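Numbering (the numbering used here), first residue to last: 200 to 633. Everything below concerns the one structure shown next.
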Ligand code: SF4
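Encoded structure:
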């Protein structure tokens with residue numbers, strides 16, 4: 200992903216992910232790195248995050264930022280001023296493309312009109328709203344903090360604040376959900392006025408360590424138990440006992456109806472779970488699937504930079520203390536008593552974990568199984584230019600095997616999963632492990 204800038208320099212393009220780990224309370228299915236924290240802890244976090252931005256920018260001089268994504272957690276659950284401050288730090292320290300896509304994830308009930316205007320004025324131009332369901336009973340069962348009315352208010356305010364590029368997230372296979380319920384949710388979003396230009400439609404996954412795992416995890420199938428979570432103020436929020444999850448057949452029908460319904464409203468599926476109006480694909484997420492460099496900033500954030508993967512610590516105290524803390528005398532002082540740049544950079548290394556240089560084999564595997572998530576597939580020419588080898592030389596047998604099963608198509612330069620292949624994408628992608 201190289202481009203020539205106006206001065207003739209080769210610029211690499213970059214995506215920046217900013218993790219905001221705070222939520223009002225934990226949803227019952229959530230295993231993301233997120234938790235409730237008070238304002239004082241949040242303030243310390245933003246001090247540390249700003250420091251990480253300043254330090255990271257010094258190593259990114261050759262990059263031009265093409266996209267930023269504020270994810271979480273709930274980025275809109277913090278004071279808008281904190282987000283505005285982070286945007287300023289980014290603009291002050293990185294070069295940006297004029298048309299950079301800058302997204303903030305937003306949960307209904309956490310952003311009013313003034314907050315949405317503040318994000319827009321700060322340069323954020325894309326909003327990703329976590330609706331998940333348009334039915335209040337489903338939302339309650341998920342432990343979400345909002346209802347449909349709050350979503351509608353949020354959506355209206357987003358339009359008023361000037362957001363034109365809006366994604367809405369929906370989640371299928373929810374407890375007690377029927378096929379008709381899911382179809383209603385899809386149609387509800389497609390008929391919003393104006394309609395959002397992007398819809399992400401994922402299935403609920405029951406993750407270990409969540410309250411839902413207590414209800415629905417292995418060996419718990421017949422338990423009749425209630426689960427509870429704590430609110431930010433420590434009070435307990437209780438849920439009803441378990442309702443059955445949709446069976447496999449229903450889940451499969453939901454999956455198929457998603458594409459049928461969304462395409463009938465003009466959305467094009469461009470990734471297994473993502474649909475958009477023409478030209479409104481999420482640039483930031485495309486970068487993940489196409490193997491572009493991205494820098495993750497904030498607690499637990501993952502990066503892929505110059506063929507090296509790593510992530511930041513998930514330890515809140517360690518993140519804050521390392522970035523905000525003083526250096527001990529002698530360890531970091533330069534001759535004139537100033538903290539040296541290399542010592543400052545050491546702080547970045549100290550919050551990094553699992554640094555993994557990607558060898559050629561790992562890069563080829565990722566090129567295939569991330570790229571094949573896209574309906575556009577992967578390019579054989581691109582493979583040759585990245586690795587200096589023909590794709591058939593490395594994957595000829597796998598490609599042929601999947602073609603024979605009608606799971607994959609190879610049309611000139613392009614290799615993509617067929618509709619049947621997308622149905623069993625996990626199986627197909629596993630075949631590309633070398
Ligand atoms: S709002 Fe999102 S990140 Fe926060 S608890 Fe719910 S699912 Fe997790």
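Here a beta-carbon is modelled for each residue, glycine too, at the ideal position from N, C-alpha and C. Just so we're clear, the structure is a prediction, and the values are computed from it rather than from any experiment.
Problem - Heavy atom of the ligand SF4 within 6 Å of residue 225 beta-carbon - result: Indeed, a heavy atom of the ligand SF4 lies less than 6 Å from the Cβ.
Practice task
Have a look at the DSSP bridge pairing and note the partners of residue 493.
Solution key: 214 and 503
Practice task
Answer yes or no: the CB of residue 231 versus the heavy atoms of the ligand SF4, is any distance below 6 Å?
Solution key: For residue 231, the shortest C-beta to heavy atom distance toward the ligand SF4 is below 6 Å.
Problem - Element boundaries [beta strand (DSSP E), containing residue 296] - result: 294 to 305
Practice task
Please name the residue in 397, 414 and 363 whose C-alpha comes closest to that of residue 473.
Solution key: Checked all of 397, 414 and 363; the closest Cα to residue 473 is 397.
Problem - Range covered by the beta strand (DSSP E) that runs through residue 365 - result: 364 to 371
Problem - Cβ distance (whole Å) where residue 615 is taken to contact residue 576 below 8 Å - result: Contact check for residue 615 and residue 576: beta-carbon distance about 3 Å, within the 8 Å limit, so the pair qualifies.
Practice task
Please confirm whether any heavy atom of the ligand FMN lies closer than 6 Å to the CB of residue 275.
Solution key: You won't find the ligand FMN in this model; what it holds is the ligand SF4.
Exercise for the section: Could you tell me whether the segment 314 to 332 touches the segment 363 to 380, using the rule of 3 or more Cβ pairs below 8 Å? Expected result: yes
Handout entry: For residue 258, the nearest candidate out of 525, 213 and 231 (CA to CA)
Key = Measuring from the Cα of residue 258, the nearest candidate turns out to be 213.
Handout entry: Option in 519, 479 and 501 with minimal Cα separation from residue 511
Key = Of the candidates 519, 479 and 501, 501 places its Cα closest to the Cα of residue 511.
Problem - Cβ pair residue 228, residue 409 closer than 7 Å - result: yes
Practice task
Using alpha carbons as the reference points, say which of 291, 243 and 280 lies closest to residue 254.
Solution key: 291
Practice task
Decide if residue 262 is buried, meaning its Cβ has at least 16 other Cβ atoms within 10 Å, or exposed.
Solution key: buried
Handout entry: Extent of the continuous beta strand (DSSP E) run through residue 556
Key = 551 to 556
Problem - Proximal residues to residue 384 (C-beta, below 6 Å), its chain only, five neighbours per side dropped - result: 332, 333 and 369
Problem - residue 222: CB within 6 Å of a non-hydrogen atom of the ligand SF4 - result: yes
Problem - Length of the line joining the Cα atoms of residue 321 and residue 283 - result: 6 Å
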